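Chemist: At position 60 of the sequence shown the residue is numbered 60 (full-length UniProt numbering), and the sequence of numbers has no breaks. Ideal Cβ positions, reconstructed from N, Cα and C, are used throughout, including at glycine. Values in this document were obtained by computation on a predicted structure and should not be read as measured data.
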Amino acid sequence: MVAAAILDDLDTPTRVLGAQRSYPEQWRGFFEFPGGKTEPGETPEQALRRELREELSLEVELGSRLPGIWPAHGGYDMYVYLARLGLDMVLAPGAAHLSLQWEDLAAPSSLRWLPADYPILTAIRDYFGIAGA
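1. Please list, in chain order, all residues of the same chain as residue 25 whose beta carbon is under 7 Å from its beta carbon, the five residues on each side excluded.
2. Just to confirm, are residue 66 and residue 60 a CB contact at a threshold of 7 Å?
3. Taking DSSP as the reference, what is the three-state secondary structure of residue 71?
4. Starting from residue 7, follow its DSSP beta bridges and name the residues at the other end.
5. Cutting at 8 Å between CB atoms, please list the residues of its own chain near residue 71, excluding the five before and the five after it.
6. On a CA-only basis, which of 47, 105, 23, 80 is nearest residue 94? Give me that one, please.
7. Would residue 84 be called buried (16 or more neighbouring beta carbons within 10 Å of its own) or exposed?
8. Check for me: the alpha helix (DSSP H) holding residue 46 runs from which residue to which?
9. Give every residue of the same chain whose Cβ lies closer than 8 Å to the Cβ of residue 69, excluding the five residues on either side of it in the sequence, and list them in chain order.
10. Between residue 81 and the rest of its own chain, which residues show a CB-CB distance below 8 Å, the 5 nearest in sequence each way excluded?
Right, dumping it as structure tokens:
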């Protein structure tokens, strides 16, 4: 599996984008990093770009992969890539999400993230040396 930590800047980020899930019911309303499964023959980067286009109609500039392998539902391993919105992208949730909201990286989490995503938020803050969260 792959996911995008969509940041407002790839060098000195201050915010990360959260996508609020619309399903399944047990996770409805929780925020996540958008992404999905890799299909046969796809690289992780190709899969992530496809998933972001399909789910959110977004094009992104991909940065580096966040160090680590993250556990995902269903026993999958997830790779998280740092990303920035492409030029002129409009944020609008697709059918899989209720809303898209920015999270301030220097403040305590204001969004209710999936439990498995809190360590990823911490890793992003650590990666960029962002304190105070």
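Modeler: To lay it out plainly:
1. Here residue 25 is taken as the residue at index 25 of the sequence shown, counted from 1. Same-chain partners within the cutoff: there are none.
2. As a position in the sequence shown, residue 66 is number 66, starting the count at 1. As a position in the sequence shown, residue 60 is number 60, starting the count at 1. In this structure, residue 60 does not lie closer than 7 Å to residue 66 by Cβ.
3. Numbered from its first residue, the sequence shown carries residue 71 at position 71. Here residue 71 carries a strand assignment [DSSP, helix/strand/coil].
4. Taking the first residue of the sequence shown as 1, we reach residue 7 at position 7. 16, 84.
5. Stepping through the sequence shown from its first residue, residue 71 is reached at position 71. Counting only Cβ-Cβ distances below 8 Å, and skipping sequence neighbours, we find 77, 78, 116.
6. Counted from its first residue, the sequence shown places residue 94 at position 94. The residue with the shortest Cα to Cα distance from residue 94 is 23.
7. One-based indexing of the sequence shown puts residue 84 at position 84. Residue 84 should be labelled buried.
8. For this step, residue 46 is matched to residue 46 along the sequence shown. Unbroken alpha helix (DSSP H) run through residue 46: 44 to 56.
9. By 1-based counting over the sequence shown, the position of residue 69 is 69. The residues are 77, 78, 79.
10. Numbered from its first residue, the sequence shown carries residue 81 at position 81. If we look at residue 81 and ignore the five residues flanking it on each side, its Cβ neighbours are 2, 3, 4, 5, 44, 45, 48, 62, 63, 64, 65, 66.
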